[in-house]
Amino acid sequence: MKEDRVAADALTAGTGSTAGAPLISVEDLHTSFHVAEGEVKAVSGVSFTLDRGQTLGIVGESGSGKTVLARSIMRLNLGSNVVTTGSAVFEGRDLLGLSSADMRSLWGTELAMVFQDPMTSLNPLVRVGRQVTEHLRQHFGVSRAAARQTAIDLLTEVRIPDAEVRLRAFPHELSGGMRQRVSIAIALACEPAVLFADEPTTALDVTVQHQILNLLGREQRERQMAMVLVTHDLGVVAGRTDETIVMYAGKVVEQAPTGRLFSDMRHPYSEALLRSIPRIGQPSHTRLAAITGRPPDLVNPPSGCSFSPRCPYVQARCVEEAPPLAATDDPDHRFACWTPVGSPEARDSFGRNLAAGLPQTVVVGGAVAGRSQGLADTIADDGAGA
Amino acid sequence: MPVPESSTPRHGVIRTALRTMPWITRICAFWLLVVIVTAITADLIPRLPDPNYQAFVFGLGETLESPSWNHWLGTDNVSRDILARVIYGARVSLIFATFCVASGLVFGGLLGSTVGFVRGRTEGIVMYLVDVVLAFPALVFFLFVVTMLNSHGLAVLCGVVGFLTIAPYTRVARANALAVSNREFVTAARAIGTAKRRILFREILPNVYPTLWSYSLLVAAVLIILESTLSFLGIGVQIPTASWGGMINEGRRDIAINIWPMVPPIFALVVTILSFNRVADWLRNTTAVRSAAL
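First to last, the sequence lines map onto chains S and P.
Numbering follows the numbering used here, in which position 195 of the first sequence is assigned residue number 195; successive positions increment by one, without gaps.
Numbering follows the numbering used here, in which position 65 of the second sequence is assigned residue number 1065; successive positions increment by one, without gaps.
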C-alpha cells in the first residue's frame, strides 16, 4: 500500500502540473451572498499561488471571509444566492468553471478538506471505519477487506490507538481530538494534492490543538501535499506556514512569506491580531489587548479602508480612499495601508489620535506602555509634542 | 492496553432507557403489547368464541348481557361475544394503522427527504401538492371516494387514508432533511466527492428516519381514532366485521337497556390511544439524537 502511494505520488509529480506553473493559483477571487439586505461581499479580490509541499496560512477574525474563501475554491458554497468570480486554476483547469460532475471527481482525490468542528463533521449514525473507507471504495472500487486494511493503516497513521477496535466505534464514542484525527484520516484517504484545513483546531483543547497541527504538518511533508491552513490564531500560522494571508472584511490586508510577516509586520490589523495573543511572560491580570469595536457590516462596509473605524493609526485619508494591496521594496510582501506600522505617517497619526482620545488608540497606548518600551517612548514623545 | 468493545455502550443505552422507563409508560407499553399480540393470535386463543357467532338465532344466547363466566365481557344486541369482538376489532384498527403508517414512512419519508435535500423547483411543486392534500378535509375526501366507488370496507379505507398519510410524512421528512442537509457532515461528504444519491441514502435518510419512527406512533393513534370514527359513522369497515368504532355505534342504540356493551370498546380505544401517545413521547425522548448525546 505504502509503495503504491509513493508510486502514485511520483506519477502525479511527473505528469501533473505543467512545468513551472504552480499547483493551484487563485486570481482575484470574489464571493458574495445576495441576501434580503443587499450583497454581502464575503471575499473580495484574493489572489495567491500554492505549490506542492507548501503551506499557506489564512488568518483573520470571525467573519473576515477566510472560511468562505476556502469553500469558494473547493466549490462547497451551496445556495443559489452565492456568486463567485475570478479564477482558481488547479493543474491547468479553472475550478470555478468546472461542472459539478467534474468537481466531484476532484473532491477527495485531489482537493480535500478538514472541517472546523469534528463534533458535527462526522455522520453520527455511521461507524468510523466505514466513514474512512467509504469514498475509497467508491472512487477506486477497493474491496471490502482491502478497504478495512487501509482504514486501519490510516487510523494508525493519524495516531489513533487500537485502530482495529476503533473502526467499529461511532463518532460519539470518541473524544474531540480523536474525531478530528478521524476527519483527517478521511481527508487523507484518497491522497489529495491540496488539503484545506478550515480552523481544524478551533473546537479543540489547547494541548490537543498542538498534536493535531503537528499531525497535519507531518502528513503534509510526508505526502508532499499543498495545504491551506485557515485559522484565527496568528500563533498557529507562525512556524507552520510558508506564506500567510491576513484577511479583514473579505479583503487581503497583508500578504507575505510568514517569516517576513512576523519580522516586518506592516498592517495595523496584523499587528492588532498579534497583540491580542496573551503572553506567558505577562504579569497575571494583565488586561487582554482585544481589538476595540466590531468587524464591519459586509453589506455596507465603511468607506475607505474597512479597518479604519478600529485602527489606532487612522487618518482622514483612510476614511476617504481605500488603500490598494501593494508591495513596497519587497515584491513578495504586500499590504493595503496608508499608514503602515512603523512608518512616519503612522507615528504622526498615532500621536494625534492619542491626544484626541480616540478609544482604539488610547487602549493600544495603554497596552503598549506596559509591554514594549520602544513604542511606549515614541508614544510619550508624540504625546509631549502634541 | 485493553479497550472496551465499542459496540457495548450502544446496547447499554437501550437497556438503561428501558430500566428507567416510568411505570405509567411501562403499563402503556404492556397494554400495547397485549393488544398487538392478542390481535395477531386471535384465532389461536382457546375458548375465545367466534366474534360473529350469534347464539340467539338458535334461541340459545341472551342479548345485551353483562359479564359472565361464558362471556367475560358480556354480549351485544345480537348475542355476540364482546371480548372476541374487541380483540378482532383491534385487528382491524392495527391493520389499518400499520398499512397507512407504512405508506407514509415509505412514500412520504422518501419523497420528503429527497425534496428537502435536492431543493429547487421539484421541492416547490411537491410541497404545494402536500399543502393541498393537507388543506382538504380528509372526511369529505373519503366520503367522496366511497360514493364514487360505491363501496367501502377495509381495503378502500386503507387505500384512501394510506394515500392521505403520505402528505404529513412528506412534510416532517422534508423539514428534517433540510436541517440534516445543512449539517457539516453532509458538506464533509460532498468534500470527499460522494455522489448526491449516495449522500441522500447514506447521510440524509438515516438521520431523518429516527424522527419519523417516533412520529409514527402519534400518527397511528390518530389513524385508529379516524378508523373508529368512520366505522362509527357506518362508512368504515363493513358489518359484520368487528371494529371498535362500529361496536360503539351498535351499543349506542341500546344504551337505555344496558350501557355495558359500549364500555369495552370505548375503554380499549381510549387506553390504546393514550398508550400510543405515551410510548411515542418516551421513544422520542430516548432516541432524540441531540438529547441522547449521540
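Just so you know, even glycine gets a beta-carbon here, dropped at the ideal spot from N, CA and C.
Strictly under 8 Å for the Cβ-Cβ distance: is Thr-1114(P) near chain S by that measure?
The sequence position of residue 1114(P) within the second sequence is 114, counting from 1. Chain S contact via Cβ: absent.
In the DSSP assignment, the alpha helix (DSSP H) including Glu-1065(P) goes from what residue to what residue?
To locate residue 1065(P), count along the second sequence from 1; it is residue 65. First-last for Glu-1065(P): undefined, no H or E at that position.
Any C-beta of chain S under 8 Å from that of Ile-1192(P)
Locating residue 1192(P) in the second sequence gives position 192, counting from the first residue. Output row for Ile-1192(P): interface = yes.
Cα-Cα separation, Thr-12(S) to Asp-264(S)
Position 12 of the first sequence, counted from the start, is the residue given in the question as residue 12(S). Position 264 of the first sequence, counted from the start, is the residue given in the question as residue 264(S). In this prediction, Thr-12(S) scores a pLDDT of 45, lower than 50, which makes its location untrustworthy; no coordinate-derived value is stated.
Flag Ser-64(S) as yes if its beta-carbon sits less than 8 Å from any beta-carbon of chain P, otherwise no.
Translated into positions along the first sequence, residue 64(S) becomes position 64. Residue-level contact check: Ser-64(S) does not touch chain P, since none of the beta carbons of chain P fall below 8 Å from its beta carbon.
Answer yes if the stretch 188-199 of chain S comes into contact with the stretch 108-115 of chain S, meaning at least three C-beta pairs across the two stretches below 8 Å, and no otherwise.
Output reads yes: the stretch 188-199 of chain S touches the stretch 108-115 of chain S.
Below 9 Å between beta carbons is the criterion; list the residues of the stretch 1195-1228 of chain P that meet it against any residue of chain S, in chain order.
Cβ contacts with chain S come from Ala-1195, Lys-1196, Arg-1198, Arg-1202, Glu-1203, Pro-1206, Asn-1207 and Pro-1210.
Just to check, is the beta-carbon of Leu-1032(P) closer than 7 Å to a non-hydrogen atom of the ligand FMN?
Inclusion of the ligand FMN in the displayed structure is not the case, the ligand content being empty and no account of it being possible.
Can you find at least 3 beta carbon pairs, one from the stretch 1206-1214 of chain P and one from the stretch 133-152 of chain S, that sit closer than 8 Å?
Inter-segment contact for the stretch 1206-1214 of chain P and the stretch 133-152 of chain S is absent: fewer than three beta-carbon pairs are separated by less than 8 Å.
Can you confirm whether Gly-108(S), when its beta carbon is compared against all beta carbons of chain P, has any partner nearer than 8 Å?
As a working mapping, residue 108(S) is identified with position 108 in the first sequence. Using beta-carbon distances, Gly-108(S) counts as an interface residue toward chain P, with a partner under 8 Å.
Identify whether Leu-1110(P) lies in helix, strand or coil by the three-state DSSP scheme.
Along the second sequence, read from residue 1 onward, the residue named residue 1110(P) stands at position 110. The answer is helix: DSSP assigns Leu-1110(P) an H, G or I state.
For the candidate residues Val-208(S), Gly-129(S) and Gly-239(S), whose alpha-carbon lies nearest to that of Asp-162(S)?
Here residue 162(S) refers to the residue found at position 162 of the first sequence. Comparing Cα positions, the closest option is Gly-129(S).
Neighbour list for Arg-104(S) in chain P, Cβ cutoff strictly below 7 Å
By one-based count along the first sequence, residue 104(S) stands at place 104. Per Cβ cutoff of 7 Å: Gly-1193 and Ala-1195.
Under a CB-based cut-off of 8 Å, is Glu-1123(P) close to chain S?
The residue labelled residue 1123(P) in the question sits at position 123 within the second sequence. No, Glu-1123(P) lies away from the interface with chain S (no Cβ there is under 8 Å from its Cβ).
Proximity test, Cβ basis, 8 Å: Glu-1184(P) and chain S
The count along the second sequence starts at 1 and reaches residue 1184(P) at position 184. At least one chain S Cβ lies under 8 Å of Glu-1184(P).
Between Thr-1016(P) and chain S, is any beta-carbon pair separated by less than 8 Å?
For the purposes of this step, residue 1016(P) is taken as residue 16 along the second sequence, with counting starting at 1. The beta carbon of Thr-1016(P) sits no closer than 8 Å to any beta carbon of chain S.
When you compare each of His-232(S), Leu-216(S), Pro-302(S) and Asp-233(S) to Ala-226(S) by their alpha carbons, which one comes out closest?
Mapped onto the first sequence, residue 226(S) falls at position 226. Closest in alpha carbon position to Ala-226(S), among His-232(S), Leu-216(S), Pro-302(S) and Asp-233(S), is Leu-216(S).
Chain S contact for Ala-1175(P) (CB, 8 Å cutoff)
Within the second sequence, numbered from 1, the residue matching residue 1175(P) stands at position 175. Ala-1175(P) does not count as touching chain S.
Consult DSSP for His-333(S) and reduce its assignment to one of helix, strand or coil.
Residue numbering aside, residue 333(S) sits at position 333 when the first sequence is read from its first letter. When secondary structure is reduced to three states using DSSP, His-333(S) falls in the coil class, being assigned neither helix nor strand.
Indicate whether at least one CB of chain S lies closer than 8 Å to the CB of Thr-1286(P).
Your numbering for residue 1286(P) matches position 286 in the second sequence. Taking Cβ atoms only, chain S never reaches closer than 8 Å to Thr-1286(P), which makes this a no.
Mapping DSSP to helix, strand and coil, what is His-1152(P)?
As a working note, residue 1152(P) is residue 152 in the second sequence. When DSSP states are grouped into helix, strand and coil, His-1152(P) belongs to the coil group.
Chain P contacts made by the stretch 151-179 of chain S, where a contact means CB separation under 8 Å
Those residues of the stretch 151-179 of chain S that come within reach of chain P (Cβ to Cβ, closer than 8 Å) are Pro-161, Asp-162, Val-165, Arg-166, Arg-168, Ala-169, Phe-170, His-172 and Glu-173.
Exposed or buried, which one is Ala-1293(P) when buried takes at least 16 other CB atoms within 10 Å?
The residue labelled residue 1293(P) in the question sits at position 293 within the second sequence. Low confidence applies here, because Ala-1293(P) scores a pLDDT of 43, under 50, leaving its location unreliable and the question unanswered by this model.
Could you list which residues in chain S have their beta carbon closer than 8 Å to that of Ala-1188(P), in chain order?
Locating residue 1188(P) in the second sequence gives position 188, counting from the first residue. By Cβ distance, chain S contributes Met-113, Phe-115, Ser-121, Leu-122, Ser-183 and Ile-186.
Report the residue from His-30(S), Pro-118(S) and Ser-99(S) whose alpha carbon sits nearest the alpha carbon of Val-82(S).
Reading the first sequence from its first residue, position 82 is the one you call residue 82(S). Answer by Cα proximity: His-30(S).
Return the bridge partner residues of Trp-107(S) from the DSSP annotation.
Looking up residue 107(S) in the first sequence gives position 107. The partner list for Trp-107(S) (beta bridge, DSSP) reads Leu-111(S).
Quick one: what does DSSP say Ala-419(S) is sitting in, helix, strand or coil?
No answer is possible for residue 419(S): the residues shown for chain S start at 1 and end at 386.
Would you say Met-247(S) lies against chain P (beta-carbon separation less than 8 Å)?
Reading the first sequence from its first residue, position 247 is the one you call residue 247(S). No, its Cβ sits nowhere closer than 8 Å to a Cβ of chain P.
Once you ignore the five residues that flank Ala-1138(P) on each side, which residues in its own chain have a CB closer than 8 Å to its CB?
Position 138 of the second sequence, counted from the first residue, corresponds to residue 1138(P). Excluding the 5 residues flanking it on each side, Ala-1138(P) has same chain C-beta neighbours closer than 8 Å at Val-1161, Leu-1164 and Leu-1226, in chain order.
Run through chain P and tell me which residues come within less than 8 Å of Leu-76(S), C-beta to C-beta.
If you number the first sequence from 1, residue 76(S) lands on position 76. For Leu-76(S), the residues of chain P that pass the 8 Å Cβ criterion are Thr-1187, Arg-1190 and Ala-1191, in the order they occur in the chain.
Can you name the residues of chain P whose CB is closer than 8 Å to the CB of Gln-209(S)?
Locating residue 209(S) in the first sequence gives position 209, counting from the first residue. Per Cβ cutoff of 8 Å: no residues; Gln-209(S) is ~19 Å from chain P at best.
Contact list for Gln-138(S) against chain P, beta-carbon separation under 8 Å:
Here residue 138(S) corresponds to residue number 138 of the first sequence, with the count starting at 1. Against Gln-138(S), the close residues of chain P are Gly-1193, Thr-1194, Ala-1195 and Arg-1198, in the order they occur along the chain (beta-carbon pairs closer than 8 Å).
Hey, out of Asp-51(S), Val-35(S) and Ala-42(S), whose CA is closest to Met-25(S)'s CA?
Within the first sequence, residue 25(S) is the residue found at index 25, counting from 1. First, the residue type needs correcting, since residue 25(S) is Ser and not Met in the sequence shown. Closest by alpha carbon: Asp-51(S).
Simplified DSSP assignment, three categories, for Arg-75(S):
In the first sequence, counting from the first residue as 1, residue 75(S) sits at position 75. If DSSP states are grouped into helix, strand and coil, Arg-75(S) belongs with coil.
Alpha-carbon to alpha-carbon, Arg-1121(P) and Val-126(S):
The count along the first sequence starts at 1 and reaches residue 126(S) at position 126. The count along the second sequence starts at 1 and reaches residue 1121(P) at position 121. Each residue's Cα considered, the two are about 31 Å apart.
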